[in-house]
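Input: a single structure, listed below in structure tokens.
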DNA sequence: GAAGACAGGGATAAATTTATCAGTAAGTGA
DNA sequence: TCACTTACTGATAAATTTATCCCTGTCTTC
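Protein chains in written order, with our numbering: chain E, 1 to 130; chain D, 1 to 130.
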């Protein structure tokens, strides 16, 4: 697979950067959320998320796997069957995601209003001013 | 100022996305951290962070301001003096950043090792295998 | 035998974010 | 007057992340 080579070195001396490196992909939290809910086969995750291209799900799954957030169980036989699970390490990120999730839910309205006011292209019809 | 116009609509229906929209810039957590420590003038923040270009500090300060994470106090007279402070809303993000920060600190070593193994361009000499 | 399920990757484009360079404005002090 | 401070912005390039399109391999079912 083509691997992008960083040009600007990242400073992992900062905790936030470290955390973002692990869970900071567009679909990573969604993927982790799926797996928490027991949706753990790539095709199912793809179906569940819907908007994300299959290719991207694969990429992010792979990264999560390489960063040991997920473990991979491959079943023999066909059709192929693979299941991802959270590792012990992976479970330690759940509180983070949970915290972001609930903060975001609480402040979704406010943030959406500001985004709309700034004329951003957001998809949150329910929050549009009436 | 040139404002980038999104082409792909963002779905603010998801809490994590909302949170990332507010604190998800490369230097935003650093900026917020500075301000928490009482470093609240743009030039001081820039000095304190060092690696980030001044232009980018300004951009991200502006966004944080527009998202009402920061308030802005402008002093009359010259040389110009401006101070940013956390708003009440801004203070609600501190636990999030704090959580990421401490998670990252705890797992920095592991993450750095994996990044190095993956041959990424990281700047964390202290973590290189000996 | 053709078609489908399933996991995954190659090559490349598009989108988005961050960086670079240089300039504006309005003073102060040498 | 010249250099320096401070905050801020325009225009554009570079870096990075996501998306698109299409292909491989291997079995199972129609």
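The beta carbon of each residue, even a glycine, is placed where N, CA and C say it ideally should be.
Worksheet item: Where do the ends of the alpha helix (DSSP H) carrying residue 78 (chain D) lie?
Response: Premise fails: residue 78 (chain D) is in no alpha helix (DSSP H) and is neither H nor E.
Item to complete: Look up residue 85 (chain E) in the DSSP assignment and give the residues it is bridged to.
Response: E:71
Worksheet item: What did DSSP end up calling residue 51 (chain D) once you bin it into helix, strand or coil?
Response: Three-state result, residue 51 (chain D): coil.
Item to complete: Write down every uninterrupted run of the alpha helix (DSSP H) in the stretch 10–53 of chain E whose length is 4 residues or greater and which is fully enclosed by it, in chain order.
Response: 15–23, 28–36 and 42–49
Practice prompt. Report the partner residues of residue 122 (chain D) according to the DSSP bridge assignment.
Written response: For residue 122 (chain D), the pairing in a beta bridge is given by DSSP as E:10.
Fill in: Separation of residue 57 (chain E) from residue 66 (chain D), as counted between CA atoms
33 Å
Fill in: 6 Å CB neighbourhood of residue 130 (chain D) in its chain, flanking five on each side removed
Here the model assigns residue 130 (chain D) a pLDDT of 47, short of 50, so the residue's position is not dependable, and the following value carries that caveat. Correct list: empty, nothing qualifies.
Discussion item. What would DSSP say about residue 130 (chain D), mapped onto helix, strand or coil?
Written reply: Only weak support exists for where residue 130 (chain D) lies, its pLDDT of 47 falling under 50; the coordinates are left without a value.
Worksheet item: Buried or exposed: residue 122 (chain E), going by 16 or more other Cβ atoms within 10 Å of its Cβ?
Response: buried
Discussion item. Quick check on DSSP: helix, strand or coil for residue 4 (chain D)?
Written reply: coil
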